[in-house]
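Read the structure below first, then the notes.
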Ligand SMILES: Cc1ncc(C[n+]2csc(CCOP(=O)(O)OP(=O)(O)O)c2C)c(N)n1
Ligand SMILES: Cc1ncc(C[n+]2csc(CCOP(=O)(O)OP(=O)(O)O)c2C)c(N)n1
Ligand code: SF4
Ligand code: SF4
Ligand SMILES: [Mg+2]
Ligand SMILES: [Mg+2]
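Chains as they are written, first to last, in my numbering: chain A, 429 to 1042; chain B, 429 to 1042; chain C, 4 to 350; chain D, 4 to 350.
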């Protein structure tokens, strides 16, 4: 339990605080299963509708009901949507955590709280707004058993009033949230919301500096979770076989995919499904089905998290060695083992890149936004089929399960790429084929699909030693040739994986390398470093492993390169160490965070400053 | 099919070949399931009994009967027992491979073959000895159905005569091989052996230069397979729970352990077993049982190969994070996937060191000889219980399944080390404990065993987030502290793992680093490099991961350090790259072989010479 | 060996412990979750029978159900493993220390989906162990997807209907080697207590499938694992009466309709058949009863099968009576002459 | 849809292929291995029924048995996967292309030990697929350890006796959802042919447990899976006669003792009951017959169960008739306006 030294000075007394507009964070502390999620989404959406850049992060426990949950909403006129370390405006609804939540705040922060908690006794340097929620909820919600839920909507009204959030927008957000079907519920909740607003209006004289003002920075944007975006990506990638085994934080990816498939992938003419979704009995089965389906020509995908990846190790080695396309989403959570299932991490990087015994290497993609969850899902299928190998899309809980502002997704510009598949006609023309022959010099052979109507279509797939003709062999030369071709194939991939996004700063001799959700902290930290310490930086955001030439160039052009990642063992840096020469490695530094929360800019900045010795 | 240019010159014609004594290799080419194994062992043992350093390597196919098998016996007065690349003396019994076997030979080699194969027509630069095996076997083996087996013993006689192997020793070896119970079979085979000897004596005038002479280099030594040695190690380590799932090349480790346990581990007083062996339904279950047993205080072990290691990935992560001792033998075979199940490799190094999702790291031991299979088995248990973590012993097929000369094993000098386990008395004294508290500053907490007769003995073990008291937590600080302690524990291990064996050569600026069976090739290659190219080398033989300070010092003391390993991706070198600074990494070079055969010195020498630009 | 003890003072059991010594941490499961009720029953039974808590080990996989061992027997060692693999962990632990009483709590997903293979192989081994399935037909902790025990036609809140036949864990247990097999309902206090106590006294593998509704995700109209559905369809196979070894049975009731089974520790399970003619020592009777219930759409609860004779895993392994975990070095490391002998053989 | 075709010329089948087109590579299994005989039967049946070889896909796990797909149907795609996980691979492939005829060959270790979980879950799904277990009670390829189908009391060459009860794959298949369940013996050419042909014609999951002795490791005195043991204990349940759809049944024999089952493609299986009264469309009859045989120590072979009505996995999934694998982009990528609509919903 943290015990912060607090200045005795009351904020009310004298010294005036500059108004803080569109640049603060709100935290709502409740318990899960209490239905606060709706109220929080409405709040976030209302701010979004006012054109203000906003992000929402849900910190929830690994159970279903009754444990502490925190939802933080960040508004940022600068467009920063990473986590903000400091909480400026707290809504304390959970008696269990209220004390610690309040003690953690910086002086000058504001606290809306449930009156009976008497939090104002704790500190004198905060702005307190006590609210008698139980008193207020009674009149607006006659039905006692609904009050637990409706209660939450009251704080929306309170907050709207204190932060001058437009109630029109709140109402609109609320209606959208409940949808047409739940009109009655919407009305009930709107009543509660207004009650809160009115109470605040007549009770509080605002003393804190926080408020919002309309902007025009969100026009046309959408709000979506990364998992939903990835699901859409698969649907538009033309996925045909989907297998899964539920696991947090991956489940919602497949569950939303199922929803879209049902809506958009039933064949008009036949009324039948153009896809198959199987909830497998476990992850071994899920990946087995994916490999079987892909082998027979389906675009197949499975989604899981760390524990599932570990269980897939043997099968993924088969996929690598038998050369079968597969797309596997790893929505990462904190490990090792069960770890923290509802916290975020980038901790499966190296073990996934090298997954399975023997000499194996797998391509990984690292989406950073919902837009990239969508586009990389499509790229992943093309890549997997082009290179006939399992491809991993490394999402994390923060990206997958939190709500993100995003630009509407681009409809795929190029047609689906199915890779080197020989049809009956091709076979007729060629008079046969050798499955594992490197015909084109790219290390990728030609394959046929079961059921191809030609007597020469067949070949025998196995995880044991095979020659170019896919025949069983134990010969030293056959085995070595095949393994060398696989290496060559992996090298060829470098030119085909998504290229990094690079911001070269001619003034910088320090460079950042980051990927996935670490991006948001790095982006903001760069501004902090420059503004506060005059440290100029360049930035390369990785999108894929194997690395492209760009990374090497980037390292060479800087004196020190900080690889920022959310794991303990500097795993991405490790992948670089595995292949780079001493000269580059000498320049690499590590910035790691592994506390399970979405990475924030201040943590990055402080660490870099320390390492830069400033 | 290789087609070698061969000189027309016949060996018989003119030029005299220096006799080659105790320094050549014999290869017997047969099919598996034909019972040649006995004949080969007898041959090897007879030479061994003559005091001549000898090694035998069986190259067998991944089926049970009827495919080509090669057994090579190497004699070396210098004591080299690695594989010799060149075959000097071939016994060609397998029609299927005879032609290629012969074409591969260097000029001047000798060939004993089954007369009908007419191999002498193939080349004129070899010494051919045709033998009418079917004619010879008839008289000595009236029973037709036994002839297939007895036939093999004939070539023992032939070879004994041609190489002047003492028939007394052959007889002794044969009797030992068959044991008292099979006296009749022994007699029958001895007859065949003599028939072969006599036939050779009266038929051939020896033209090849190869023969053996008595030495005194094997006195007191034993012949044993690495797996058997490891099994004995476990028995003398006081193993109490053994679980396994059959897999080549690991099965024989547990099967021989079962044999010894039955003989030596039945309690005299009670007549009951002081151990439990369970053939599990698969490797997930095998490792689960090991973890459960070790958690409850048993010394438990399982043995498998690559595919099993992959299946254990999730559970091993639990072992790491819940901190449970376990000993896991990985008798490595060629991967990825099923690969070549009956060929050897060192290909699971990096994937095992980093096995499981999230941030995980595991200690690995690398036995190089039967002696070390025995001693490291014991060390592995002590290490696992001391550090409360899974420990892997990385054997390979060559060491595990081939016959090796070895010194008799030393009886353990120190008592069994059970690590930090609190008894009821301790708890009484301490008045409780915190399972994951770093009391001693070594990162290792104290544990209690289920069934400890004390109300404060209990704690709750989980793979999810926990604090020092082993209580469930999702707190950032708890999680980070715990993960940092685990890192500290791993660092502490460096001082406790077996130290490398180092041969510093003051004249050398080139160093070798090798481990396991790569040692034999390196040892011989060093002599070749010095004798043939004047290249002086130092040598560090690794025994364990994490690395000790010695490795760092070794690298620093040399300009170039070649890491020799039997895999494609330079996995051990990779582990060094993950932790060393640029300066050291700049010195590291890789020598890799991944053809599935035991590594030979010539292959190493040629590659080093190439890299050294000589 | 049944002895008469003077009834212990009101607030403590026969080994002098209060019920508090059998409780665990505060539950984090949902209010009304069937699993909580089962935890309560476990606490009561271990308390009432006076089992030494620190001679018990608890095991579980992953799931809401698998969390529950943290909420009972706080003085017992606990091991919350990985999803679906509890049987192997428990087997290892029981082998390491056969003197410890082992109890496992798992879910239907943990047991019948990902864990089916381990469950089935545990059955073959007849390990002395109590295996409880808290069966709600869904994956609670991952928010309510169907598990492999979901009944045909059962409906999710989302409207999805299950079209795959369920695994009946009791039927599998019966066929594949468990020696005490029963089904109960988290809401049936008396029946569940008798079954749990029998399992505690039994010297072989006990498999108890307890229908335990998930109030949050599977307690609605259309679910076949809801409280109301079970209450309507619960068909009680037999009436049970457990008599601990340390209690005298004074009143002998009419033998005609009661079958008495003497358990390993001398306790007795008295089974009163209701209506149907049924012999709980006969596998095939049990299977028939289940099949009929299945046809009629009944949820049959009670004791299906009990076999006190079949050798358990420890016996098959001819295992030491003393725990392997703590055998002294003298028992587990053979003397030097043994090594010398082996070396000689290899010369 | 049964049509009359003029009998094809002597050396080719009705689609004009010679038997050679149905053979595979030379076997690398031991001489006398039961698995080789099964491969022969497979070759014959596919040839005689005139199945298009390149419209067949072969699947297996790891083991001697699992090697055998390389030794038949050389013109069919084959997938030799990992140990015990063939069911998932096959399921995926069948979903990708439902028009392909899928046949899986596996071993008792592959199916009942490491693979039991996948096997059981495959059963639930009633995937249209032929699942053959080449059952020798041991792990052949790893040199003869007991598998989970080894019978109680069976002895290894080393003298070790099996003391764990076996899994009966047919009983499990029956209970858990397979719609054609049969057991045969690699040595019974006629029976095995009729069963294989029925499986080829069946439109659901066929599970065929074929006792297939391991001559090298489990064919000795004391083994219950040896040729001689099976020959002595083989108890034939029913006599089978398969009539392909393209052949007229002229002679109608006495209905009294023959049950005729019409299969999906119009072929007919005619089952002549021997002695015991038995209805192969009744699960419970089948289970009873098995249980009795078990008690008597008989190895019951024949057709246990056939159900041609139960919906298969493709139907449950409401799957396209055309192979998913080759659906055109127009069918699998929704048009732009759909994406726009979704984006609008998310604004
Ligand atoms: C390997 C692995 N896969 C998936 C999960 C996610 N997961 C956690 S609990 C659970 C299912 C629990 O269902 P059940 O066993 O029925 O327990 P219940 O919550 O219903 O009591 C799943 C799939 C996991 N923890 N580990
Ligand atoms: C994961 C894994 N574990 C173990 C093995 C070793 N292995 C190969 S085949 C086999 C058993 C085969 O037995 P069965 O399925 O009965 O086939 P059979 O050889 O008897 O025909 C085993 C254990 C493996 N290949 N993969
Ligand atoms: S989700 Fe269901 S199973 Fe989980 S605790 Fe809540 S009620 Fe129980
Ligand atoms: S070992 Fe047995 S199962 Fe394998 S091929 Fe030989 S006889 Fe067949
Ligand atoms: Mg459940
Ligand atoms: Mg078998």
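Glycine is no exception: its CB is placed at the ideal position from the N, C-alpha and C atoms.
The model shown is predicted, which means the values in this text are computed figures rather than measured ones.
- Sorting C:123, C:81, C:36 and C:239 by C-alpha distance to the C-alpha of residue 90 of chain C places C:123 at the top.
- When B:854, B:933 and B:617 are compared, the shortest CA-CA separation from residue 601 of chain B is found for B:617.
- Taking the Cα of residue 813 of chain B as reference, the smallest distance to any Cα among B:504, B:755, B:860 and B:482 is reached at B:755.
- Going by DSSP, residue 304 of chain D is part of the beta strand (DSSP E) stretching over 302–309.
- Given a length threshold of 3 residues, each whole run of the beta strand (DSSP E) inside the region 30–80 of chain C is given here in chain order: 59–63.
- Note: residue 342 of chain D is not bridge-paired with any residue in the DSSP secondary-structure output.
- If you look at residue 133 of chain C, you'll find it in the beta strand (DSSP E) that goes 132–138.
- For residue 87 of chain C, the nearest CB of chain A lies under 8 Å from its own CB, placing it at the interface with that chain.
- Within 7 Å of the C-beta of residue 111 of chain C there is at least one heavy atom belonging to ligand 5.
- In this structure, residue 267 of chain C has its CB at a distance of at least 7 Å from all heavy atoms of ligand 3.
- Contacts with chain D at 8 Å (Cβ-Cβ) do not include residue 466 of chain B.
- Taking 9 Å as the Cβ-Cβ cut-off, the region 864–887 of chain A approaches chain D at 876, 877, 878, 879, 880, 881, 882, 883, 884, 885, 886 and 887, given in chain order.
- Put simply, the CB of residue 473 of chain B is far from chain C, with every gap to its CB atoms at 8 Å or more.
- A residue is called buried when at least 16 other Cβ atoms come within 10 angstroms of its Cβ; residue 659 of chain B meets this threshold and is buried.
- No residue range can be given for residue 282 of chain D, since it is assigned to no alpha helix (DSSP H) and is classified by DSSP as neither H nor E.
- Not one heavy atom of ligand 6 sits closer than 7 Å to the Cβ of residue 187 of chain D.
- With respect to the 8 Å criterion, residue 585 of chain A and residue 624 of chain A are classified as neighbours on the basis of their beta carbons.
- When the five nearest sequence neighbours on each side are left out, the beta carbons in the same chain lying within less than 8 Å of the beta carbon of residue 1019 of chain B are those of 990, 991, 992, 993, 1032, 1035, 1036 and 1039, in order along the chain.
- Rounded to the nearest whole angstrom, the CA to CA distance from residue 499 of chain A to residue 639 of chain A is 18 Å.
- With a cutoff of 7 Å, residue 141 of chain D counts as near ligand 6, since its C-beta is closer than that to a heavy atom of the ligand.
- Of the residues assessed, residue 805 of chain B falls on the buried side of the cut-off, its CB having 16 or more other CB atoms within 10 angstroms.
- Rounded to the nearest angstrom, the gap between the Cα atoms of residue 998 of chain A and residue 942 of chain A is 12 Å.
- For residue 475 of chain A, the uninterrupted alpha helix (DSSP H) segment begins and ends at 464–477.
- Interface criterion not met: the Cβ of residue 135 of chain D is under 8 Å from no Cβ in chain A.
- The beta carbon of residue 490 of chain B lies closer than 8 Å to those of 676, 768, 769 and 770 in the same chain, with the five residues before and after it left out.
- Scanning B:939, B:705 and B:915 for the CA closest to the CA of residue 963 of chain B turns up B:939.
- Residue 641 of chain A counts as exposed, since fewer than 16 other C-beta atoms from the protein chains shown sit within 10 angstroms of its C-beta.
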